[in-house]
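Protein chains in written order, with the numbering used here: chain A, 797 to 1157; chain B, 797 to 1157; chain C, 797 to 1157; chain D, 797 to 1157.
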């Protein structure tokens, strides 16, 4: 396959371009009997929707999702779940001027070289708008994981450009358009974004995602490790340049006596490993951290070449998030939920007859 | 599959346990006509071999590899390449004492809970000795990539615990057992390791890997991106806790005007993206950085539980690397080579008729 | 995955139910640059359309297909091609009476037992109407195979119940709604069908499919053989109970001196192998023959049980083909085309550098 | 992958050539805790072993299998099971004379054209000796299916050239080297084979395979149907040219009133569908029938070409079965067992929480 499907048993297939008629997806492998309706998907889609605050792209999309199959009388049937999200606010004229140039930091040049043809309108297939499909598929995974295992998957903005944000509460996260985990910093973030937008520039971000109550035992060593699949899924999100599990890069400077999480009959005493050992979940929180690069579309002039190879400059107008990381939180949650659901199914396929011998915590 | 195969077209399947009779692998999908012999694999295996210096495990293994199929009269035939590496120095008695306890930071507990049974000898399947299979498979990929496209894949130790090592030259890397890119720091590294071993503790490391001369166009958006597959492959290596492509986590604090690599007819002016845009190679160097956690097996006493769930303590004797990251360099190179070869094949499957329209650099 | 995707590099993912809002599919892996529009798919869809003659179901569907992605300015872009076919004539009331009973020969009972829930309207996911997705995907494959390699894929009705039909010409096939290869027998077929429908019963059929000008070398031994993938694809079509390649079951009674196709510098002297040796195409015609069972929905009373397990009888009204095999020809062509395209891509991935050394014929 | 792996969750990867050092395989996905030792595999391997009677190739191979991983203290651990079978009686000189010619009916020409290189010794990778890997993998599947679900998988020779053999008992099958289900016909079969060998020619065969006590519900519509996967697996066996499920090609001439299996509270009244409806097992016996072509290696002179494309003739000496179908029975059983085990795991992954609502029989 050419990369538009992911997952082994919980499979998500995606199609759609930024300025085509629609995005859509097919979720295959969902167990039957799960209560599901379009509103379940819509709730998550609304969290990542453009135009939800002044700080994200002002493109106006209702992102209304239609479920086309796989659900009957309010329950999943076990057959493929097809869904569709029509594009509405696709102003192709915004992009006509730049179709002949390659925007720095974008996939314009690489698509052009790979395929010999490209849909330049809004980035075409490379647009981050494709993440609607991930979010919809993740909404189904989240619902099943919660219903079947009590698993929750939640994320937050841990850093906006140079500003680190300490975690205070999930309530704080839910209360602001930044997904910031500390309501007190929101005014400062707004000021920062205002100045950033005024400068014509953009910034990066760090997003943290946590899965709670994941049972011990999910993950397929040695190449299909839970953390390996998480890393691959996260790095597949537009603009992600780094992924950490648990202590991540801080582990380099840790001693073994510090990093290795001790165990007692009451549970682990720390979680430097981020809930995964040997590629298998430990029963602790799974903690993931992502680095998102700054938005590539900026209003400042930049050197580039045109499609004939000649030197030129480009400034990107249009309606762009000055920090794509702000809307990445629900997307990262969705990817983690999809990977976890895939591994939940894979685990019970092979080990469905195993009674775990020793529980701690 | 249960995780012992990776790759879409260049597929590697692995088997073996630390103290079983042998490790082995099957490489499927290698093009026919590549000159190949056991010595090609052996050269790379010798680079990661235990006992190669005082600073790595003193387990004595010749790691002699036997090719069992897929090569005829010195050339690959296009059929599956099976190979075998017998275990020789498998002192199971070293492990008898700890079979009833779970070592902190190891996969002992998670395998036990997942499978209800485990081969405790030397970590069984979770042993980092499994990486012999990766290195052998990577040796084939390296050879083909070099022969067919002139691609090179090289890595080095960028940080040992708290000590960062600047890159000086690939000659320096080849000249010391640390894979350190600056020969001048080797005495200090030796002193550091000596003190670390004496303390009974361990440390983490950072390994950087670079692929040069990768053609533009490899990678399958949107889920099978080149960087996504690299991240998954790297995170599947034992002890890896973080992966960066290009600027990685530094991208968080970069401005868009700094991060987005400008282009001229002579080529890109920087490489913050690490050679991948939109999941597709740009033709620049592909740069990857890994965080490896400190070795979990240390001689210091640690709290844990036994297989009945009771509290106990454990000290790990045996023959362990105080820094597993030291030997990770050839493993990381191997994984990057396998992913690149897989994508080289995938790319020419779909886009074999495309003439890339514009070249720079 | 749960079975709604097939293919390794040319991947088809399908969703939809007989009486849901729509069927749709995603074709992933199509090379860029192929001229393509909805009419290319529509032409093939119209060949299998219900209501196209008196002898097939009178359900009225326009089967109008909409391409949603992957095509830009009349050419494929190399990204996923999503398409949609809305259901129009979905009279769920036809099925209300039988929702509580299991129709003999149908998948009612097995879906019910597997999933614990089923969409009983028109067979739900088990309806042969799903084959619209196959035909649309096959239309793309046919177009690419013809454009790139000059390959044609054509089928015909070789037997209708007890009546065998000799092959006369492809022109004859195109000229009648039975896909019968001999125009002279059409009146007799019409009479046979008329009497069959009057009797309330149904009959089986044999469909033959032939691919011409397939290059030598496609197919991946040993499990991914071209003939193995063809057999799997054909048996996945609703109602198919048998598949033959080349001589098929007649090979049982052949001698080796008869079956083994001799070669001369001018080519093979016969084609008992059906164009595949060792799982790899020979360059001859690929010949496939299918057995389709009689339509399970008949007006005669049959013994069955209801969903509570009690004995009952059932007669199936509704609008059913008395011989589902009649419309199977374009479906079988589509499946063969998809498998061939998949193997064309797989072959050039691995063997793209091979210059075939000896040509015959 | 290039075709040397099959299965989605119960995955078999194979390597080896007829005259290379060894064949081997990797079984991935076997549940942990299954009692398993080399003797379990050896028992099945001995059933297909060459030299087991006068009527099969006299090549002398002990086919002694060594398990290299995945089993600890007599039980599977859930990790990959690697196994090895060394070649012993590899007389390459037998083949030297024919390396420059293409044997009719063999894969010589197609491998040569596909790969541009071939191991001509004994057919290389195309040799039916590869089926040792299938039989070993099938032995594990058979054992698990029997232990976990009480499923049995058995086959027999239903036709030898023109001689049809009626089924009398499984005891009869076990009592003769033909796997003939009627002991009374064995003398006639021996006489037939004697005359066939004397004539220098070969014949085809039909093998039937039956799986009993398969639970209702296994199979993944719509492309991953149980019968589709069975057909693909069977057609991947060397020399197979046709596959039937249930009534097979006889369904063409059946009426719907005859073919559609009626149900009562006591069970189905017939089994024309062969235990599969809509791609899902019904709980009835799964019945499969295969056509095997006559051995291509015969002593009679045949027209062919040499590797330079010139006309020549060939007679194949060496040690060949005059009817390869005789030894196909354990191979066909193995393939069916592998497919069933794969679907057992896939089914419980997705539908592990379903309580089948209505049982019959």
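For every residue, glycine included, the Cβ atom is placed at its ideal position computed from N, Cα and C.
Per DSSP, cross-strand counterpart(s) of residue i
| i | result |
| --- | --- |
| residue 862 (chain D) | D:880 |
| residue 1007 (chain D) | D:949, D:1082 |
| residue 871 (chain D) | D:831, D:868 |
| residue 806 (chain B) | DSSP lists no partner for residue 806 (chain B). |
| residue 1077 (chain D) | D:1072 |
| residue 1040 (chain B) | A:1038, B:1085 |
| residue 999 (chain A) | B:1051 |
| residue 955 (chain D) | D:960, D:1002 |
Residue range of the alpha helix (DSSP H) that includes residue i
| i | result |
| --- | --- |
| residue 784 (chain A) | For residue 784 (chain A) there is no data in the structure shown, the boundaries of chain A being 797 and 1157. |
| residue 1013 (chain D) | No alpha helix (DSSP H) contains residue 1013 (chain D), which DSSP labels as neither H nor E. |
| residue 1125 (chain A) | 1124-1147 |
| residue 970 (chain A) | 966-970 |
| residue 845 (chain A) | Note, residue 845 (chain A): premise wrong, no alpha helix (DSSP H); not H, not E. |
Chain C within 7 Å of residue i, Cβ atoms only
| i | result |
| --- | --- |
| residue 827 (chain B) | yes |
| residue 945 (chain D) | no |
| residue 921 (chain A) | yes |
| residue 831 (chain B) | no |
Residue i at chain D interface by Cβ criterion, 7 Å
| i | result |
| --- | --- |
| residue 1024 (chain C) | yes |
| residue 870 (chain A) | no |
| residue 942 (chain A) | no |
| residue 818 (chain B) | yes |
| residue 959 (chain C) | no |
N-terminal and C-terminal residue of the beta strand (DSSP E) that residue i is part of
| i | result |
| --- | --- |
| residue 1025 (chain C) | Run containing residue 1025 (chain C): none in the beta strand (DSSP E); it sits in the alpha helix (DSSP H), 1022-1031. |
| residue 1107 (chain A) | 1107-1110 |
| residue 1100 (chain C) | 1098-1101 |
| residue 818 (chain B) | 818-824 |
Cβ of residue i within 7 Å of any chain B Cβ
| i | result |
| --- | --- |
| residue 800 (chain D) | yes |
| residue 1028 (chain A) | yes |
| residue 1060 (chain A) | yes |
| residue 1102 (chain D) | no |
| residue 1044 (chain D) | no |
| residue 1131 (chain A) | no |
| residue 824 (chain D) | yes |
| residue 1146 (chain C) | yes |
Beta carbon proximity, residue i to chain A, threshold 7 Å
| i | result |
| --- | --- |
| residue 912 (chain C) | yes |
| residue 926 (chain C) | no |
Supposed close pair residue i, residue j - CB separation, criterion 8 Å
| i | j | result |
| --- | --- | --- |
| residue 933 (chain D) | residue 821 (chain D) | 6 Å |
| residue 912 (chain C) | residue 1021 (chain D) | Contact doesn't hold; Cβ gap of about 19 Å is too wide. |
| residue 1130 (chain A) | residue 944 (chain A) | Not quite, the Cβ-Cβ distance comes to about 17 Å (not below 8 Å), so this is no contact. |
(Q) Could you check whether the segment 1027-1045 of chain C touches the segment 1042-1062 of chain D, counting it as contact only if at least three pairs of C-beta atoms, one from each stretch, sit closer than 8 Å? (A) yes
Q: May I ask you to verify whether the segment 979-986 of chain D touches the segment 952-965 of chain D, counting CB pairs closer than 8 Å and requiring at least 3?
A: Touching, per the Cβ criterion.
Q) Does the pairing of the segment 1049-1061 of chain B with the segment 1091-1107 of chain B give three or more beta-carbon distances under 8 Å? A) Fewer than three Cβ pairs drawn from the segment 1049-1061 of chain B and the segment 1091-1107 of chain B lie within less than 8 Å of each other, which leaves the two stretches out of contact.
Q. Does the pairing of the segment 933-941 of chain C with the segment 890-910 of chain A give three or more beta-carbon distances under 8 Å?
A. no
Q) Should the segment 995-1011 of chain C be called in touch with the segment 1122-1138 of chain C, which here means at least 3 C-beta pairs below 8 Å? A) yes
Q.
Tell me whether the segment 823-839 of chain B and the segment 860-879 of chain B touch, counting them as touching only if at least three CB pairs, one residue from each stretch, are closer than 8 Å.
A. yes
**Q.** At least three beta-carbon pairs within less than 8 Å, the segment 965-973 of chain D to the segment 1141-1157 of chain D
**A.** no
Q) Quick check: the segment 1058-1078 of chain D against the segment 1005-1012 of chain D, are there 3 or more CB pairs under 8 Å? A) Inter-segment contact for the segment 1058-1078 of chain D and the segment 1005-1012 of chain D is present: three or more beta-carbon pairs are separated by less than 8 Å.
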